[in-house]
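Data first, discussion second: the structure below is written as structure tokens.
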Amino acid sequence: MPVAEENYKICNWKDNKSAAVVLTFDDWTPGHPAIVVPQLQKRGMVGTFNIITSTVKDWAPLREAAKAGNEMANHTATHPYVNSSSLYQKEVFDAKNKIEKEIGSPVFTFAYPFGAFYDSLIVCLKKSGHIAARGVYAPSSDESYSFYFLGKDYYNTYAYGMKTETTIDEFVSQIENVVKNGGLLTYLYHSVYNGKVKDFSYAWVLDSDFSLQLDTLASYKDKVWITTYADAIKYHKEAVCAQLFETRSAYYAKRIFVLKDTLDNKVYDQPLTIILNVGNIKTYGVSQNSVNLPFKYISDSEIQFEAVPDSGEILIDQGM
Ligand SMILES: [Zn+2]
2 MPVAEENYKI CNWKDNKSAA VVLTFDDWTP GHPAIVVPQL QKRGMVGTFN IITSTVKDWA
62 PLREAAKAGN EMANHTATHP YVNSSSLYQK EVFDAKNKIE KEIGSPVFTF AYPFGAFYDS
122 LIVCLKKSGH IAARGVYAPS SDESYSFYFL GKDYYNTYAY GMKTETTIDE FVSQIENVVK
182 NGGLLTYLYH SVYNGKVKDF SYAWVLDSDF SLQLDTLASY KDKVWITTYA DAIKYHKEAV
242 CAQLFETRSA YYAKRIFVLK DTLDNKVYDQ PLTIILNVGN IKTYGVSQNS VNLPFKYISD
302 SEIQFEAVPD SGEILIDQGM
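Everything in the sequence shown is counted per our numbering, starting at 2 for the first residue and increasing by one.
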């Protein structure tokens with residue numbers, strides 16, 4: 002039986018945060034391994050790096066960045082306008098396979114070179130297993146939770162382009178805006194430059210400005226989920242379709258639920274944060290597939306925990 006809507010909530014974002022923030026870095030320029038990866042790691046943050054496969058000479062630093070939790074995403078083989086189906090094999094399929102082979106994990110998302118997208122390219126992206134694609138359009142002023150309706154479904158999501166002259170106030174106003182509206186904020190960076198690392202091509206950002214931006218973003222950690230583009234998209238897609246069902250009572254004081262979504266379980270494995278009204282009966286434990294899950298009371302009658310959709314029974318233990 003579906004759990005009545007007033008008795009539970011699938012949180013819009015992980016840990017019931019107000020919004021999600023994603024940092025994306027295009028073209029894997031020299032400042033990315035030298036400055037960006039260590040600066041993120043220092044703060045316990047992750048980002049998404051959009052890779053042009055033909056320009057990578059050494060894959061070891063990318064492997065290392067991926068191991069630290071960063072996403073390696075597809076930005077084609079040679080960065081052309083992907084405006085002809087004759088380019089799809091090389092620029093979409095082969096580039097994706099190359100990154101997967103070198104990194105050793107699946108590629109889920111795509112970034113359009115020059116932000117240029119086409120309907121037939123979107124069909125190709127879906128066919129090749131990309132779940133979303135980042136565009137370069139600036140976010141609308143009401144960056145809401147239904148952001149994906151505004152573009153081409155999830156295949157042209159907004160990005161706020163960082164420039165050399167972007168001020169910290171402009172940077173912060175984007176965060177304030179997304180916290181207010183509940184959606185997904187994606188920053189788009191190109192080069193990050195520090196005087197030693199020769200990386201001051203298009204829209205370079207000085208490393209001291211970059212540090213300040215990351216520290217400022219970190220100060221919003223209670224309000225925003227800072228994650229990769231792929232994980233934000235997975236969470237969002239799951240959360241908008243998932244539903245909680247109560248199946249049966251195994252025995253006294255054990256309640257059993259399943260969380261279902263309509264998506265491919267091989268890809269969509271992000272745990273969703275759930276708030277469940279358990280009434281005034283004390284809850285002693287929550288588990289999924291017999292694995293204990295952390296949970297906490299957020300009010301006298303509500304508990305909060307995380308569970309993966311279609312991943313086995315969720316047992317709420319209210320026994321002695
Ligand atoms: Zn690019």
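Think of the CB as a built atom: it goes at the ideal place given N, C-alpha and C, for glycine as much as any other residue.
| task | Identify, in the order they occur along the chain, each residue of the same chain with its Cβ nearer than 7 Å to the Cβ of residue 249, setting aside the five sequence neighbours on each side. | result | 257
| field | Contact set for residue 226: own chain, Cβ-Cβ below 6 Å, skip 5 residues either direction | value | 14, 15, 18 and 21
| query | Would the beta-carbon of residue 76 be found less than 7 Å away from any heavy atom of ligand 1? | reply | yes
| said: Among the candidates 168, 179 and 120, whose CA atom is the shortest distance from the CA of residue 155? | reply: 120
| Which whole runs of the alpha helix (DSSP H) in the stretch 244-307 are 4 residues long or more, in chain order? | none
| task | Would you check if the stretch 22-29 and the stretch 45-57 touch, i.e. whether three or more CB-CB distances between them fall below 8 Å? | result | yes
| message | I'd like the list of long-range same chain contacts for residue 80, defined as Cβ closer than 6 Å, with 5 residues on each side in sequence excluded. | response | For residue 80, where only same-chain residues beyond five positions count, the Cβ hits under 6 Å are 53 and 114.
| query | Hey, residue 271 and residue 318 are a contact pair by Cβ (cut 8 Å); roughly how many whole angstroms apart? | reply | Their Cβ separation, rounded to whole angstroms, is 24 Å, which puts residue 271 and residue 318 out of contact at 8 Å.
| task | List the whole-angstrom C-beta distance separating residue 1 from residue 195, where the pair is believed to meet the contact cut-off of C-beta under 8 Å. | result | This structure cannot speak to residue 1, because the chain is shown only from 2 to 321.
| field | the stretch 35-48 touching the stretch 57-73, judged by at least three CB pairs closer than 8 Å | value | yes
| message | When you compare the CB positions of residue 213 and residue 169, do they come within less than 8 Å of one another, or not? | response | yes
| How about residue 185 and residue 167: do their beta carbons lie closer than 8 Å? | Not a contact, by the Cβ cut-off of 8 Å.
| Is the number of C-beta pairs between the stretch 301-315 and the stretch 277-288 that are closer than 8 Å three or more? | yes
| field | Extent of the continuous beta strand (DSSP E) run through residue 84 | value | Premise fails: residue 84 is in no beta strand (DSSP E) and is neither H nor E.
| request: Could you tell me the boundaries of the beta strand (DSSP E) in which residue 15 lies? | output: Careful: residue 15 lies outside any beta strand (DSSP E) and carries neither H nor E.
| field | 8 Å Cβ cutoff met for residue 239 and residue 264 | value | yes
| request: With DSSP as the reference, please indicate the residues paired to residue 322 in a beta bridge. | output: There is no way to answer for residue 322, as the model of the chain reaches only from 2 to 321.
| Quick one: is residue 286 buried, meaning 16 or more other Cβ sit within 10 Å of its Cβ, or exposed? | exposed
| request: For ligand 1, enumerate in chain order all residues having a CB closer than 5 Å to any of its heavy atoms. | output: My final list is 27 and 28.
| task | Give, in chain order, every unbroken run of the alpha helix (DSSP H) that is at least 4 residues long and sits entirely within the stretch 185-227. | result | Restricting attention to alpha helix (DSSP H) runs no shorter than 4 residues, the stretch 185-227 encloses them at 208-219, ordered along the chain.
| Segment limits, beta strand (DSSP E) that includes residue 92 | Element bounds for residue 92: n/a, residue is neither H nor E.
| task | Determine the closest residue to residue 308 out of 24, 244 and 253, with distance taken between C-alpha atoms. | result | 244
| request: Give the C-beta separation of residue 1 and residue 221 to the nearest angstrom, bearing in mind that I take them to be a contact with Cβ-Cβ under 8 Å. | output: Past the edges of the chain, shown from 2 to 321, lies residue 1, and the structure says nothing about it.
| field | Neighbourhood of residue 126 by C-beta distance below 8 Å, restricted to the same chain and skipping five residues each side | value | 93, 111, 134 and 156
| request: Count the other CB atoms, across all protein chains shown, that sit within 10 Å of the CB of residue 289; report buried if there are 16 or more and exposed otherwise. | output: buried
| task | Can you check the stretch 101-169 for any alpha helix (DSSP H) of at least 4 residues that lies completely inside it and give the ranges in chain order? | result | Here the runs fully enclosed are 120-128.
| Cα-Cα separation between residue 160 and residue 141, rounded to whole angstroms | 10 Å
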